[in-house]
């Protein structure tokens, strides 16, 4: 009896261990693959071409700068929309809403998170973009801003869900302490609860950014895919082409092993490095915040 | 293009190998037609081959893509019965064919026309090829410059990997001139599907787009095009494409070695029948009259 239990214990532990390691292995393999397929482009395309402002692969113009700026504009825009909305919703659900409201809101937000992005893209093409064109008097409704709006919508549920859990985990005694000192509800939220849940909230935002920058289908449908260098403020209201949309639109028809193929993988690599950068930045901020909290408590 | 080509290549291998293993020992009367060439035509050729084989169980047709040049080269080397091409054969190809004892004979099997579309609210209904080129290359940016309202022009195009995109670039932007290196303006919206272009043109009076003539829905406005300044403006339609007065259209060809005989002749005759030309219209091309 004892022996078989040990055996089972051993197998289960190993299985769990393997699945734990597999994540690391997969990330390493994916990165290795991206490098193997993407690095050759540095030898095939001149750097001045690769970092130029013209993307027109069928005539050997491989400037990836417009694609990078396109992705950044759409993502930053999405975060400007999703951050206040997401945190606001999380605070409302966790701190202010009565119990019955909370029980309706939370599943609804999670349902929103499960919406397929192609459906959102359809809504974008048929409703949001025509509306924005007329409402803002733009030449076309297929703009970076349309993409940001929809991506914001995609990122909100992620942010709400994680941030709400973090706020929920703040001990009740913190709030009671604040109230006892005579703080108003708003002061309690702003000065006590939110700072206490800071690391969770930051994680929420970073996950939201990750969700937004990697999103493909919606963006491809609503941003117009014009490879214009997006550096002016007005670029937000004109068409852009993102890295993800470029890969998705062109990978299916490209000749295996060609310069174009390698360049698409190179773009994938850049995308991977950007998400990695965001994640590292987030972890270091969270880590520092934890250190500080430990210092204060001790 | 490459993917689809490989897919067709594989599927045709599978189809032909199945047949050779299962049928040839018992049924020696099965005849084969090798058909290869243009990627523009490959879907059409496949649809024809499928239908024809259903009706004539003793004929097997293998269709592969690879491009017009590949198809004609295969005809010159005598490895195919029919070569598909979306351009007419070049002088030097005829010469090397003659040197190889092959006499290429041309058959126009369908036509391909691209319609330029705008929103019905847009008062502009006529453009010259030169104006169209200037619009897409970014020299003309307001509808006022071509006799319309004071509105910005929003240029819509298919993605760069579409055959239509390349044909439009060569015929319209570069006006058919090989040395012309004009490119699409960078702010041209590259939409992943025909449907995307149609949706945007339908709701946006600033937009201009293009699509295969067979795919244009009735509620959008087609632009009449003149080949040069002062020339007649022609609307795309089956008659104007067939009499060559509409400028953004091309013939699609099949080439055979000498006048076709036997099953190849039967097949080519069938292709020009009403039944086969119906498939042409279904795939967005223009039937031959």
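Protein chains in written order, with our numbering: chain G, 189 to 486; chain D, 26 to 314.
Positions of the beta carbon are idealized from the N, C-alpha and C atoms, including for glycine.
Below-8 Å beta-carbon distance, residue i vs any chain D residue
{"i": "residue 482 of chain G", "result": "no"}
{"i": "residue 476 of chain G", "result": "no"}
{"i": "residue 413 of chain G", "result": "yes"}
{"i": "residue 225 of chain G", "result": "no"}
{"i": "residue 435 of chain G", "result": "no"}
{"i": "residue 196 of chain G", "result": "no"}
{"i": "residue 416 of chain G", "result": "yes"}
{"i": "residue 408 of chain G", "result": "yes"}
{"i": "residue 313 of chain G", "result": "yes"}
Proximity test, Cβ basis, 8 Å: residue i and chain G
{"i": "residue 137 of chain D", "result": "no"}
{"i": "residue 264 of chain D", "result": "no"}
{"i": "residue 170 of chain D", "result": "no"}
{"i": "residue 217 of chain D", "result": "yes"}
{"i": "residue 303 of chain D", "result": "no"}
{"i": "residue 224 of chain D", "result": "yes"}
{"i": "residue 208 of chain D", "result": "yes"}
{"i": "residue 37 of chain D", "result": "With a pLDDT of only 49 at residue 37 of chain D, under the threshold of 50, the placement of this residue in the model should not be trusted; the figure read from the coordinates follows. So, not an interface residue."}
Beta-carbon proximity of residue i to residue j, cut-off 8 Å
{"i": "residue 412 of chain G", "j": "residue 214 of chain D", "result": "yes"}
{"i": "residue 176 of chain D", "j": "residue 167 of chain D", "result": "yes"}
{"i": "residue 463 of chain G", "j": "residue 422 of chain G", "result": "no"}
{"i": "residue 275 of chain G", "j": "residue 347 of chain G", "result": "yes"}
{"i": "residue 328 of chain G", "j": "residue 102 of chain D", "result": "no"}
{"i": "residue 153 of chain D", "j": "residue 254 of chain D", "result": "yes"}
{"i": "residue 96 of chain D", "j": "residue 84 of chain D", "result": "no"}
{"i": "residue 233 of chain D", "j": "residue 72 of chain D", "result": "no"}
{"i": "residue 461 of chain G", "j": "residue 435 of chain G", "result": "no"}
{"i": "residue 403 of chain G", "j": "residue 342 of chain G", "result": "yes"}
{"i": "residue 119 of chain D", "j": "residue 288 of chain D", "result": "no"}
{"i": "residue 416 of chain G", "j": "residue 159 of chain D", "result": "no"}
{"i": "residue 270 of chain G", "j": "residue 344 of chain G", "result": "yes"}
{"i": "residue 308 of chain D", "j": "residue 69 of chain D", "result": "yes"}
{"i": "residue 219 of chain D", "j": "residue 161 of chain D", "result": "no"}
{"i": "residue 447 of chain G", "j": "residue 252 of chain G", "result": "no"}
{"i": "residue 424 of chain G", "j": "residue 319 of chain G", "result": "no"}
Rounded separation between residue i and residue j - CA only
{"i": "residue 372 of chain G", "j": "residue 476 of chain G", "result": "29 Å"}
{"i": "residue 295 of chain G", "j": "residue 190 of chain D", "result": "46 Å"}
{"i": "residue 108 of chain D", "j": "residue 271 of chain D", "result": "26 Å"}
{"i": "residue 67 of chain D", "j": "residue 137 of chain D", "result": "13 Å"}
{"i": "residue 283 of chain G", "j": "residue 375 of chain G", "result": "12 Å"}
{"i": "residue 195 of chain G", "j": "residue 357 of chain G", "result": "37 Å"}
{"i": "residue 445 of chain G", "j": "residue 192 of chain D", "result": "25 Å"}
{"i": "residue 567 of chain G", "j": "residue 390 of chain G", "result": "The structure shown does not extend to residue 567 of chain G, since chain G is modelled only from 189 through 486, so no value can be given for it."}
{"i": "residue 285 of chain D", "j": "residue 131 of chain D", "result": "10 Å"}
{"i": "residue 183 of chain D", "j": "residue 241 of chain G", "result": "20 Å"}
{"i": "residue 455 of chain G", "j": "residue 129 of chain D", "result": "45 Å"}
{"i": "residue 238 of chain G", "j": "residue 255 of chain G", "result": "11 Å"}
{"i": "residue 466 of chain G", "j": "residue 472 of chain G", "result": "10 Å"}
{"i": "residue 407 of chain G", "j": "residue 219 of chain G", "result": "24 Å"}
{"i": "residue 47 of chain D", "j": "residue 54 of chain D", "result": "Because residue 47 of chain D carries a pLDDT of 41, less than 50, the predicted location of this residue cannot be relied on, and no value is offered for it."}
{"i": "residue 437 of chain G", "j": "residue 395 of chain G", "result": "25 Å"}
{"i": "residue 229 of chain G", "j": "residue 479 of chain G", "result": "42 Å"}
{"i": "residue 126 of chain D", "j": "residue 117 of chain D", "result": "14 Å"}
{"i": "residue 350 of chain G", "j": "residue 279 of chain G", "result": "11 Å"}
Interface residues of chain C facing residue i [CB-CB closer than 8 Å]
{"i": "residue 427 of chain G", "result": "As a matter of chain content, chain C is missing from the structure shown, whose protein chains are G and D."}
Per-residue contacts from residue i into chain G (C-beta, under 8 Å)
{"i": "residue 185 of chain D", "result": "244, 245, 246 and 438"}
{"i": "residue 177 of chain D", "result": "327"}
Proximal residues of chain D, C-beta to C-beta of residue i below 9 Å
{"i": "residue 252 of chain G", "result": "Here the premise fails: no neighbours, minimum Cβ distance about 14 Å."}
{"i": "residue 455 of chain G", "result": "In chain order: nothing, as chain D lies at least about 15 Å away."}
{"i": "residue 232 of chain G", "result": "Going along chain D, no residue has its Cβ under 9 Å from residue 232 of chain G, so there is no contact; the nearest lies around 18 Å."}
Under 9 Å by beta carbon: chain G residues contacting residue i
{"i": "residue 191 of chain D", "result": "246"}
{"i": "residue 229 of chain D", "result": "317, 318, 321, 327, 328, 329 and 330"}
{"i": "residue 232 of chain D", "result": "327 and 328"}
Within chain D, partners of residue i - CB distance below 7 Å
{"i": "residue 380 of chain G", "result": "In chain order: nothing, as chain D lies at least about 49 Å away."}
Partners in chain D for residue i, counting only beta-carbon separations shorter than 8 Å
{"i": "residue 256 of chain G", "result": "Neighbours of residue 256 of chain G on chain D: none; closest Cβ ~15 Å, over 8 Å."}
Counting only runs of 4+ residues fully inside the stretch 187-225 of chain D, write out the alpha helix (DSSP H) ranges in chain order. Secondary structure within the stretch 187-225 of chain D: the alpha helix (DSSP H) runs of 4 or more consecutive residues, fully enclosed, are 188-193 (chain order).
Quick check for students: name the residue ranges of the alpha helix (DSSP H) that lie wholly in the stretch 236-288 of chain G, counting only runs of 4 or more. If we require 4 residues or more, the alpha helix (DSSP H) runs fully inside the stretch 236-288 of chain G come out as 253-279.
Whole runs of the alpha helix (DSSP H) within the stretch 276-314 of chain D, excluding any shorter than 4 residues: You should have 287-296 and 299-307.
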